[in-house]
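Engineer: Which chain is which? The protein sequence lines are D and B, in order.
FYI, our numbering numbers position 140 of the first sequence as 141, with every residue one higher than the one before it.
FYI, our numbering numbers position 234 of the second sequence as 235, with every residue one higher than the one before it.
Note that CB positions come from ideal geometry on N, CA and C, so glycine has one too.
Everything numeric in this text was worked out from a predicted model, so none of it was measured.
Protein chains: 2
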Amino acid sequence: MQVITSIKEMQQITSTLHTKGYSIGFVPTMGYLHEGHLTLMNEARKENDIVVLSIFVNPLQFGPNEDYETYPRDFKRDENLAEEAGVDFLFYPSVEEMYPNKLTVTVKVLDRVDVLCGKSRIGHFDGVATVLIKLFSIVSPNRAYFGMKDAQQVAVVDGLIHDFNLPIELVSVPTVREEDGLAKSSRNIRLTPSERSEAVHLYQSLQLAKQFIDNGERNPDILVQKMKSYLQNHTSGWIDYIEIYSYPELKKLDQLKGKIIIALAVKFSQVRLIDNLILEME
Amino acid sequence: MQVITSIKEMQQITSTLHTKGYSIGFVPTMGYLHEGHLTLMNEARKENDIVVLSIFVNPLQFGPNEDYETYPRDFKRDENLAEEAGVDFLFYPSVEEMYPNKLTVTVKVLDRVDVLCGKSRIGHFDGVATVLIKLFSIVSPNRAYFGMKDAQQVAVVDGLIHDFNLPIELVSVPTVREEDGLAKSSRNIRLTPSERSEAVHLYQSLQLAKQFIDNGERNPDILVQKMKSYLQNHTSGWIDYIEIYSYPELKKLDQLKGKIIIALAVKFSQVRLIDNLILEME
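1. According to the neighbour-count rule (16 or more other Cβ atoms, all chains shown, within 10 Å of its Cβ), is residue 11/D buried or exposed?
2. At which residues does the alpha helix (DSSP H) containing residue 48/D begin and terminate?
3. Would you call the region 129 to 138 of chain B in contact with the region 177 to 195 of chain B, where contact means no fewer than 3 C-beta pairs closer than 8 Å?
4. Tell me residue 276/B's beta-bridge partners as DSSP assigns them.
5. Taking just the CA atoms, how far does residue 37/D sit from residue 178/D?
6. Please check if any C-beta of chain B sits within less than 8 Å of the C-beta of residue 111/D.
7. Taking its Cβ as the centre, do 16 or more other Cβ atoms sit within 10 Å of residue 76/B, making it buried, or is it exposed?
8. Please work out which residues of its chain come closer than 6 Å, Cβ to Cβ, to residue 143/D, disregarding the five sequence neighbours upstream and downstream, and give them in chain order.
9. With 8 Å set as the bound, which would you pick, yes or no: does the beta-carbon of residue 271/D sit closer than that to a beta-carbon of chain B?
10. Using a C-beta to C-beta distance shorter than 8 Å, which residues of chain D count as neighbours of residue 19/B?
11. Would you identify the three-state DSSP class for residue 195/D, choosing helix, strand or coil?
12. Evaluate contact between the region 92 to 105 of chain B and the region 6 to 21 of chain B, counting only Cβ atoms and requiring at least three cross-stretch pairs below 8 Å.
13. My assumption, with CB atoms under 8 Å, is that residue 122/B sits in contact with residue 160/B. Please give the rounded CB distance.
14. Using a beta-carbon distance cut-off of less than 9 Å, what residues from the region 24 to 47 of chain D approach chain B?
15. For residue 297/D, which residues in chain B fall below 8 Å Cβ to Cβ?
16. Suppose contacts are defined by Cβ-Cβ distances below 8 Å. Is residue 7/B in contact with residue 30/B by that definition?
17. Using 10 angstroms around the beta-carbon of residue 255/D, count the other beta-carbons present and answer buried if the total reaches 16, otherwise exposed.
18. In chain D, which residues lie less than 9 Å from residue 161/B when you measure between Cβ atoms?
19. Roughly how many angstroms lie between the CA atoms of residue 1/B and residue 125/D, to the nearest whole one?
20. Looking only at its own chain, which residues have a Cβ that is under 6 Å from the Cβ of residue 87/B, when we skip the five neighbours before and after it?
21. Could you tell me whether the Cβ atoms of residue 1/D and residue 242/D are closer together than 8 Å?
22. Closer than 8 Å, Cβ to Cβ, to anything on chain B: give me those residues from the region 133 to 161 of chain D, in chain order.
23. Does residue 8/B get closer than 8 Å to chain D when you measure Cβ to Cβ?
24. Got a sec? Which residues, its chain only, sit under 7 Å from residue 282/B by beta carbon, not counting five neighbours each side?
25. Exposed or buried, what is residue 96/D when buried is set at 16 or more other beta-carbons lying within 10 Å of its beta-carbon?
26. Residues in the same chain with beta-carbon distance under 6 Å from residue 225/D, minus the five sequence neighbours each way, listed in chain order, please.
27. Compare the Cα-Cα distances from residue 174/D to each of 218/D, 190/D, 193/D and 151/D and report the closest residue.
28. Would you check if the distance between the CB atom of residue 106/B and the CB atom of residue 15/B is smaller than 8 Å?
29. Residues of the region 232 to 265 of chain B in Cβ contact with chain D at a cutoff of 8 Å, in chain order, please.
30. Are the C-beta atoms of residue 173/B and some chain D residue less than 8 Å apart?
31. Comparing alpha-carbon positions, which option in 202/D, 274/D and 164/D lies nearest residue 118/D?
32. Verify the CB distance criterion: does residue 86/D have a CB-CB separation below 8 Å to chain B?
33. Which of the three DSSP states, helix, strand or coil, is assigned to residue 24/B?
34. Exposed or buried, what is residue 70/D when buried is set at 16 or more other beta-carbons lying within 10 Å of its beta-carbon?
35. Please tell me whether residue 240/B and residue 272/B are closer than 8 Å, where the distance is taken between their beta carbons.
36. Output the distance between the C-alpha atoms of residue 32/D and residue 99/D, rounded to the nearest integer angstrom.
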């Protein structure tokens, strides 16, 4: 595995790879890799000749009161994990390399962002889309891999790739969970022990909603209310949102039908966790 | 020459060309080709294995009171000119092909747009940058060719390519002029005969400024004033702007130095014309 920190060098490498007819699978991450990321790398490994992993904590997608400074970082550990997972190139640029001067252009996300995390994280998805346009230009992947834990991000990337005609296949990979159901996340280490044991109830509340749906409930408001009561009774966290939409359009539904997302965000003392369930209704 | 109207087909062709190691030169236009465009095609022909011309009158870059509907179009003539110029692929998509649904993302130009044409054409350069991201993704050029008549557009594209790390070389080509100095433009046909004879003074006013600069004048306000008087005395047109900036940053200068642009826009009865001069000062 080669670690590349220069944009120009990375571009030369991927350009040469394409000339040779190799396909490139790309896993963009912010590092502090966990099994969720490993699953993405494994998928990329199966479907492509070359796997590129990027590690870049992107300041653009953090709000002024968010955790950019304290976002967990451990490059040596990540490097070893990437090597073991069969990554060919680890792209690891500095902030100065990615943003040498004030941007004269940005990507603005117009749709799919006035709900879920986008509602409270103003500009977050503009930052995500902007760094992705850059990373896609640098890595020039045939396929890009994203975890469904960040389902709204997947929806935004789906729009980005489609609307800008990027010649990239979006591959979304199911959320990887701990044994008790908690979605894997780099931020989970910030849970206190008692919060960690409560956190299982985020997943449980999604399962509760699924049970009601399996039993015929189609009213999103009732489902949200059930989940809210459940979470209030079982966790000390503050509920940021519980929302149900069509997926990936993220539009409100009066009655559930088609492909839907049930998503939630709960704030604990040191960390805000998100989780979701995608269901296909008849 | 092959005419391609499908995005998917164009992408397959350019992808195959890259696999074969061919370089692609790209000339994006809105059609109604004139010698300015032909110069771009000739340059592209000299420097690349394959030349792709696009013709697409992009609704996104026209304001509600601008001339999208009446913008001159003549595809048959353009097709012949492109063929004669040695174009290999003419990409000619419909509006429905380029914008099948409302965009979920757009490019927003943050800098270099609060001056010159950007001041009166709100959102124009967002539309230009957005269609270019799409066209660049579709054509995947090694080099893209733009005329210096639209100097602000070249400055914006320079920012777009640099800031999004697009693996494309921007080639800017000097303005092509009529014998009397009028910059070639698809819109010149909308001048009345008397306006046409006046229009030479746009170029003359730029030459006047150059003369003063050659004689040592370095104060932009004085130069603008000289040009304004000259244009008011020699044309019936309404002066939209006369401005002088650093180039390509388009920042105000107290004293002229480095690379600068002197630019103007004048409105005649049926058409608004622009012109500019780029100078390198010691």
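Structural biologist: According to the structure data:
1. buried
2. 36 to 48
3. no
4. 265/B
5. 8 Å
6. yes
7. exposed
8. 24 and 25
9. Chain B contact via Cβ: absent.
10. 19 and 20
11. Assigned with DSSP and collapsed to three states, residue 195/D falls in helix.
12. yes
13. Their Cβ separation, rounded to whole angstroms, is 17 Å, which puts residue 122/B and residue 160/B out of contact at 8 Å.
14. none
15. Missing from the structure shown is residue 297/D; chain D here goes from 2 to 283 and no further.
16. no
17. exposed
18. Think of a sphere of 9 Å around the beta carbon of residue 161/B: the chain D residues whose beta carbon falls inside it are 105 and 106, in chain order.
19. Here chain B has residues from 2 to 283 only, and residue 1/B is not among them.
20. Closer than 6 Å at Cβ, skipping near neighbours: 46.
21. The structure shown does not extend to residue 1/D, since chain D is modelled only from 2 to 283, so the question has no answer here.
22. 134, 135, 138, 139, 141, 157, 160 and 161
23. It does: the Cβ of residue 8/B has a partner Cβ on chain D nearer than 8 Å.
24. 257, 258, 259 and 261
25. Exposed.
26. Once the five neighbours on either side are set aside, the close Cβ partners of residue 225/D are 243.
27. When each option's Cα is compared against that of residue 174/D, the closest is 151/D.
28. The answer is no: Cβ separation not under 8 Å.
29. none
30. no
31. Here the closest residue by C-alpha is 274/D.
32. no
33. coil
34. exposed
35. no
36. 16 Å
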